[in-house]
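Since the structure comes first, as structure tokens, the remarks are kept for the end.
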Amino acid sequence: MTSLEKLENKSIYILREAYSRFRNIALLWSIGKDSTTLLWLCRKAFFGQIPFPVLHIDTSYKFKEIYRFREKYAAAWDLNLIVEKNETALDQGMNHTVGKFECCNSLKTQSLKQAIKKYDFKALLLGIRRDEHGIRAKERFFSPRNADQRWNYGSQPAELWDLYQTRLENDQHVRVHPLLGWREIDVWNYIQQEKIPVPDLYFATNKKRYRSIGCEPCCNPVASQANSLSKIIRELKTTDTAERSGRAQDKEDSYNMQKLRSLGYM
Amino acid sequence: MKDETLKVAVCGHIDHGKSTLIGRLLLDTKSLPRNKLKELDIIAKAFGEEAQLAHLSDQLKEERERRITIETTQIFFKTSRRSYCLIDTPGHLEFIRNMLTGTSQADAAVLVVDIHEGVQDQTRRHAYLLKFLSLCHIIVVVNKMDLAQYSKAEFKKIEEQILALFSELQMKPPPIIPAGAKRGENISRPSKFMSWHRGPYLLKALDGLTLADQSAKPAFRLPVQDIYKVHGEEIIVGKIVCGRIREGQKILVLPQGRPAVIKTINLFGKKKKSAAVDQNIGLTLTAPVPIERGNVFCEAEASPHLPQNFRGNIFWLHSSELAEGQTVELRCATQVLRCTVAKIMEAVDPAHLTLVEKNASVLKQNQAGLIEFTLLTAAVLEKHSDIPELGRYTIETDAGLFGAGTVLSLTT
Chain A
1 MTSLEKLENK SIYILREAYS RFRNIALLWS IGKDSTTLLW LCRKAFFGQI PFPVLHIDTS
61 YKFKEIYRFR EKYAAAWDLN LIVEKNETAL DQGMNHTVGK FECCNSLKTQ SLKQAIKKYD
121 FKALLLGIRR DEHGIRAKER FFSPRNADQR WNYGSQPAEL WDLYQTRLEN DQHVRVHPLL
181 GWREIDVWNY IQQEKIPVPD LYFATNKKRY RSIGCEPCCN PVASQANSLS KIIRELKTTD
241 TAERSGRAQD KEDSYNMQKL RSLGYM
Chain B
1001 MKDETLKVAV CGHIDHGKST LIGRLLLDTK SLPRNKLKEL DIIAKAFGEE AQLAHLSDQL
1061 KEERERRITI ETTQIFFKTS RRSYCLIDTP GHLEFIRNML TGTSQADAAV LVVDIHEGVQ
1121 DQTRRHAYLL KFLSLCHIIV VVNKMDLAQY SKAEFKKIEE QILALFSELQ MKPPPIIPAG
1181 AKRGENISRP SKFMSWHRGP YLLKALDGLT LADQSAKPAF RLPVQDIYKV HGEEIIVGKI
1241 VCGRIREGQK ILVLPQGRPA VIKTINLFGK KKKSAAVDQN IGLTLTAPVP IERGNVFCEA
1301 EASPHLPQNF RGNIFWLHSS ELAEGQTVEL RCATQVLRCT VAKIMEAVDP AHLTLVEKNA
1361 SVLKQNQAGL IEFTLLTAAV LEKHSDIPEL GRYTIETDAG LFGAGTVLSL TT
């Protein structure tokens, strides 16, 4: 097996395990390269027809390209798409100028809470990876959250071999991370191998491209000439800047991500 | 470079320098993004000290303040030989579950020992757990040699302790490397201060490890994970844990022992004539047979005998005791089985490698034990050394994971 085949097989085992143990699950699709790769893996794992909803947490501040991409592939792949927004906060004028931490927490984490409650999801599939961020490196493949979604990183349960913990106490749900062991370059190699469509924002125009995409006001492009998959892969082999360096929230405070994540952020 | 990623757990006693060693490997292999180095500077200033290499993996606020590792972390780097995934594991007893979590995913381990402190409780416990998890590739690093003026005589003393520990555990003697992670001596290059050391430096020793090929094993086994209905057809999914399967092959569905024949093999939507170990496949059968999660598909001509009893080792994580006569629920691959603890043959304190009690009545938290189980459920079990996936188990209750272990021998 090649290393990509190994990663693919392990992720698909985890996806099937999550579905087998919980049934009432959803895939969290941010439309970025990682969650789109995860979506692709789901289509493979379940033989073309994903048997659970695909959930998009919409802050309403995403790039236009993201919305276009979402509609196109939701139709093409026959997805059961759920779009969730924190309407109350949006009505009250929540946006990044109020404070990035407040905005992320309110428009992303709170919307997610809202959706979990509304649909009674027992598990959520997320495309986070260990190499993205030091705090995400501390995650488990199956990570339990209480009703407040709090991540108790100080006392995570043991996770041995591939015998993942799936018993839940009342009101708990599990965050499942099938891509945890993938690196950024693995994701791009896989996208190239499988010909997975991703938003054009990742490809350079005018010597700039996005390495990580989310809300338009909080993402900055990086200087890059990479306008094709092979060029992105070549660029990653030589770069010494971090993947999320274009993301605003990480910079504000070294422990911001830890704080956000402990409150239920992805 | 080979297309492979070796997963290496870094273990050892508190403060012997595990996280610093990881920081050093990342720095020397140029695996750090520019802003990471800047962030380290900012953080080090906040804590009023020099930039510490340990902060690279100790990312949690509590970890940096308490200057310890709490949670296991995985970090990547590569050499000209292959890619590595380093798993940092905590040294404190209270975080032993995190150490087990990290190490159960590893192919190899680096055990770090401080030149001044030598073999300590957590060194013993970790060495014991490496044996318990059947990790056979272990490299020992004797760290902080700079504090001992790179003295060969000092090193020899510690080396003796380490060899004694491994011999006590009946493990093969590991390569032992004198090193200084803080200054990078004998980590990614040979040290000019320790030219007396004949063996390789750490990265060279890591690059020299070769993993056993798992694909040559016989006898097809596939624990059933789930059953899907796709376009009116029942597809049975699972991961092949041993051997190969081909279209038309006769199998037995255990534990019931029902015969069946493979009609099609589907790998992620593509039809295949055959499939092999580690592939997650979908199968259809030529005639309907009742199947559920936890069944194990076995090659008809080489199906195993179902055990009545088995002997297994166990590491007990929970504060409640495991008692003789108790009935427990085991998870092994996709099977859930009930067993009775017939006998606790040995209770061992892994920190001191002392036998607490022969024929003990209970096993306490953080003790390891040798247990005779009587099976109440028919199930497929194999020796861990034969088929790991069918030879390892966790013990769970509604309150979570209580213990874990491996199968040493079976009686049918």
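If you read the sequences in order, they're chains A and B. Numbered per this note's numbering, the first sequence finishes at 266, counting up by one with no gaps. Numbered per this note's numbering, the second sequence finishes at 1412, counting up by one with no gaps. Don't be surprised by glycine CBs; every beta carbon is placed ideally from N, CA and C. Since the structure is predicted, the reported quantities are computational estimates derived from the model, not experimental observations.
Should residue 123 (chain A) go down as buried or exposed, given a rule of 16 or more other Cβ atoms within 10 Å for buried? buried
Close beta carbons around residue 1181 (chain B), own chain, < 7 Å, minus the five adjacent residues each side: 1017, 1020, 1021, 1024, 1143 and 1187
Simplified DSSP state of residue 261 (chain A), which is helix, strand or coil: helix
Of the residues A:44, A:111, A:184 and A:40, the one placed nearest residue 243 (chain A), counting alpha carbons only: A:184
So, for residue 1391 (chain B): in the same chain, excluding its five sequence neighbours on each side, which residues have a beta-carbon less than 6 Å away from its beta-carbon? So the list reads 1382, 1383, 1384, 1406 and 1407, once near-sequence residues are dropped.
Members of the region 159 to 182 of chain A that neighbour chain B once the beta carbon cut-off is set at 9 Å: 159, 160, 161, 162, 163, 165, 167, 169, 180 and 181
For residue 1 (chain A), which residues in chain B fall below 7 Å Cβ to Cβ? In chain order: 1278.
Pick helix, strand or coil for residue 241 (chain A), following the three-state DSSP scheme. DSSP places residue 241 (chain A) in coil when its eight states are reduced to three.
Assuming residue 1129 (chain B) contacts residue 1138 (chain B) (C-beta within less than 8 Å), just tell me the rounded distance between them. Residue 1129 (chain B) to residue 1138 (chain B), Cβ: 11 Å. No contact.
If contact means a Cβ-Cβ distance below 8 Å, which residues of the region 1249 to 1271 of chain B contact chain A? Residues 1266, 1268 and 1269.
Taking residue 1099 (chain B) as part of the beta strand (DSSP E), name the residues at either end of that continuous run. Note, residue 1099 (chain B): premise wrong, no beta strand (DSSP E); alpha helix (DSSP H) at 1096 to 1103.
Determine, using beta carbons only, whether residue 203 (chain A) comes closer than 8 Å to chain B. no
How big is the Cα-Cα spacing for residue 1198 (chain B) and residue 1173 (chain B)? Rounded to whole angstroms, residue 1198 (chain B) to residue 1173 (chain B) spans 16 Å at the Cα level.
Against residue 1317 (chain B), what residues of chain A qualify as contacts under a CB-to-CB distance less than 8 Å, listed in chain order? 158
Mind checking which residues open and close the alpha helix (DSSP H) that includes residue 190 (chain A)? 184 to 194
Pairwise C-alpha distance: residue 89 (chain A) and residue 64 (chain A): Approximately 21 Å between the Cα atoms of the pair.
Within 8 Å (strictly less), CB to CB, does residue 65 (chain A) reach chain B? no
Does the Cβ of residue 1157 (chain B) have 16 or more other Cβ atoms within 10 Å, making it buried, or fewer, making it exposed? exposed
Going by DSSP in three states, residue 1349 (chain B) sits in which element: helix, strand or coil? In the structure shown, residue 1349 (chain B) sits in a strand (DSSP, three-state: E or B).
Give me, in chain order, the residues of the same chain whose beta-carbon lies closer than 6 Å to that of residue 144 (chain A); leave out the 5 immediate sequence neighbours on both sides. 172 and 174
When the Cα atoms are used, what is the spatial distance from residue 1292 (chain B) to residue 1227 (chain B)? 7 Å
Per the contact definition of three or more C-beta pairs closer than 8 Å, is the region 1199 to 1211 of chain B in contact with the region 1252 to 1259 of chain B? no
Taking only runs of the alpha helix (DSSP H) that begin and end inside the region 11 to 58 of chain A, which ones reach a length of at least 4 residues, in chain order? Positions of the alpha helix (DSSP H) runs, each at least 4 residues long and wholly inside the region 11 to 58 of chain A, are given as 33 to 45 in order along the chain.
Does the Cβ of residue 75 (chain A) have 16 or more other Cβ atoms within 10 Å, making it buried, or fewer, making it exposed? exposed
So who's on the other strand from residue 1259 (chain B), going by DSSP bridges? DSSP output for residue 1259 (chain B) lists B:1252 as bridge partner(s).
Looking at residue 166 (chain A): is its Cβ nearer than 8 Å to the Cβ of residue 69 (chain A)? no
Proximity winner among B:1086, B:1307 and B:1120, relative to residue 1373 (chain B) (alpha-carbon distances): B:1307
From this set, B:1003, B:1323 and B:1088, which residue's C-alpha is nearest residue 1026 (chain B)'s C-alpha? Relative to residue 1026 (chain B), the option among B:1003, B:1323 and B:1088 whose CA is nearest is B:1088.
Hey, does residue 130 (chain A) have any beta-carbon neighbour from chain B nearer than 8 Å? yes
Inter-residue Cα distance where the pair is residue 1251 (chain B) and residue 1030 (chain B): Rounded to the nearest angstrom, the two C-alpha atoms are 51 Å apart.
Please state whether DSSP places residue 1242 (chain B) in a helix, a strand or coil. strand
Under three-state DSSP, which class holds residue 1164 (chain B)? helix
Within-8 Å CB hit, residue 16 (chain A) to chain B: yes
Cβ of residue 128 (chain A) within 8 Å of Cβ of residue 180 (chain A)? yes
Which residue comes first and which comes last in the beta strand (DSSP E) that contains residue 103 (chain A)? Careful: residue 103 (chain A) lies outside any beta strand (DSSP E), inside the alpha helix (DSSP H) at 100 to 103.
So, does the region 1340 to 1355 of chain B touch the region 1292 to 1302 of chain B, judging by three or more C-beta pairs under 8 Å? no
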